[in-house]
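Residue 96 is where the sequence shown starts when you use this note's numbering, and the numbers rise one by one after that. We put the CB at the ideal spot given by N, CA and C, even for glycine. Bear in mind that the values here come from a model prediction, so they are computed numbers and not experimental data. Comments concern the structure below.
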Amino acid sequence: MSAEQAAGVTLTGISKTFGDFTAVQPMDLSIPQGSFFALLGASGCGKTTTLRMIAGLEQPTAGRVMLGDRDVTSLPPHRRPVNTVFQSYALFPHLSVQDNVAFGLRRRGKKQVHKEVEDVLELVELGPLARRKPAQLSGGQQQRVALARAIVNRPEVLLLDEPLGALDLKLRRQMQLELKRIQTEVGITFVHVTHDQEEAMTMADTIAVMNHGRVEQLGAPAELYESPGSAFVANFLGQSNLIAAEISAAEGDELVLRAGDTKLTLPRDRMRATSAASGTKVLAGIRPEKIAIRSRSDEAAVPEGHNRLTGTIKDASFTGVSTQYVVASPWCPELAVFAQNVESAAGLTPGAEVVLHWNPAHTFGLDGDQD
Ligand code: ATP
């Protein structure tokens, strides 16, 4: 198997309505050939419907589906070079692992399937279990059989609909890395549907965050995390503090924001709001783990140029990896701070007056009129 067999997927003006309900709003989406692409979003946002339109299991209400340079919009599922792996494995219980994997090849009239089956079972590390029946396998092993069966006939695109949903957390994490390895080895374009942001971030090269039937933001995991374009994305991928502020001035590459009498600096290239004009209401975003916390009496130690906010600790809980604080400030009632290696943590208990500070480069700016 090689990347030459992969095809990119291009959706143009694609939409889907069921009666008078719009599940997928008209959208354009380009999935690069050979990439690991994730459709990420909460339940009901239209991920599965989008996937089913690529598979041909759902006919779009409008728009086109292209695989590479072929328009497949009107082709039935079995005529598309696409396979799907679902959460339910649907293995044949009476067939061995190798016969389950060989089934599709044999049905297509292929006689000599031994080598292909052996190769793919090796790829998913099931070689030694080839003669077992599905009932003699763990959930994770059954999922590998389903995966092997879906890639043995070399589709150009593999669609994965919450394939790890039935596995327990530990196995899920392990399989995420496995899937990534397998995708890299076979080079097929993987389109993976999930509601789990950590899963999407671990595996995907590119993530499309969906919300209410449309793509809210598209980008590499780190890009979406570091520079979310909306409050929805900022909070769907991890946790964010969003401080209500107003642009008061522009100074070179930096915007000066005001939240009451507090001044915050925002690099201009981190501004995602529609306007950067003075007086514009914005949200200044900062991730909890980017914030340092110290006692007010220790304020002199705050590095020059850092953004700073004062507040009172409402809650502090030690999680092992970090201490998580909730801090009330006049400009944000509940600021989350995830702090590691805090200096003089002893005094940082509920009721303590603190100063929060961070490098302005970690701040991001969003439109102020978001929910
Ligand atoms: P989940 O993670 O729960 O599967 P999803 O993001 O994959 O959610 P879809 O399955 O694409 O969401 O569904 C999007 C919306 O379209 C939902 O509100 C769903 O109820 C609706 N929907 C999906 N299929 C149909 C159908 N055949 N008839 C009517 N409504 C449908």
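**Prompt:** Could you check where the alpha helix (DSSP H) with Pro121 kicks off and where it finishes?
**Reply:** Not the alpha helix (DSSP H): Pro121 falls in the beta strand (DSSP E), residues Phe116 to Ile126.
**Item:** Helix, strand or coil at Gln182 [DSSP, three-state]
**Value:** coil
**Prompt:** Between the segment 256-270 and the segment 281-295, are three or more C-beta pairs nearer than 8 Å?
**Reply:** yes
**Alpha carbon of Leu134 to alpha carbon of Thr297, nearest angstrom** = 13 Å
**Request:** Give the secondary structure of Gln334 by DSSP, where H, G and I count as helix, E and B as strand, and everything else as coil.
**Result:** coil
**Request:** Kindly give me the distance between the Cβ atoms of Gln236 and Leu221, rounded to whole angstroms, as I take these residues to be in contact under 8 Å.
**Result:** 7 Å
**Prompt:** At what residues does the beta strand (DSSP E) containing Arg227 begin and finish?
**Reply:** Taken as a continuous stretch (DSSP letters only), Arg227 belongs to no beta strand (DSSP E), as it is neither H nor E.
**Request:** Report yes if the C-beta of Thr143 is less than 7 Å from at least one heavy atom of ligand 1; otherwise report no.
**Result:** yes
**Item:** Spatially closest choice to Thr179 from Gly141, Val119 and Thr284, by CA coordinates
**Value:** Thr284
**Prompt:** Going by Cα to Cα distance, which pick from Phe327, Asp256 and Asp464 is closest to Ala146?
**Reply:** It is worth fixing the name first, because residue 146 is Leu in this sequence and not Ala. Leu146 has its Cα closest to that of Asp256, out of Phe327, Asp256 and Asp464.
**Message:** For Gln128 and Glu251, what's the separation of their Cα atoms in angstroms?
**Reply:** 9 Å
**Asked** Just the Cα atoms here: how many angstroms apart are Gly314 and Phe132?
**Response** 10 Å
**Request:** Can you grab the Cα-Cα spacing for the pair Ala415 / Glu429, in whole Å?
**Result:** Checking the displayed sequence, the identity of residue 415 turns out to be Gly instead of Ala. C-alpha separation (whole angstroms): 22 Å.
**Request:** Please report how far the alpha carbon of Gln419 lies from the alpha carbon of Leu361, in whole angstroms.
**Result:** 25 Å
**Message:** Quick check on this structure: which residue in Thr105, Ala243, Met366 and Val397 has the alpha carbon closest to the alpha carbon of Ala197?
**Reply:** Ala243
**Alpha-carbon spacing of His452 relative to Ala387, whole angstroms** = 5 Å
**Request:** Spatial neighbours of Ala354 within its chain, please: CB distance less than 6 Å, with the 5 preceding and 5 following residues excluded, ordered by chain position.
**Result:** Ile338, Ala340 and Trp426
**Asked** Could one say the Cβ of Phe131 lies closer than 8 Å to chain D's Cβ atoms, at least one of them?
**Response** Reference to chain D is not applicable here, since this structure consists of a single protein chain.
**Prompt:** With 16 as the cutoff for other CB atoms within 10 Å, does Met455 come out buried or exposed?
**Reply:** Going by the sequence as given, residue 455 is Pro instead of Met. Classification of Pro455: buried, given that the 10 Å Cβ count is 16 or more.
**Asked** What number of angstroms, rounded off, separates the C-alpha of Arg203 from the C-alpha of His189?
**Response** 20 Å
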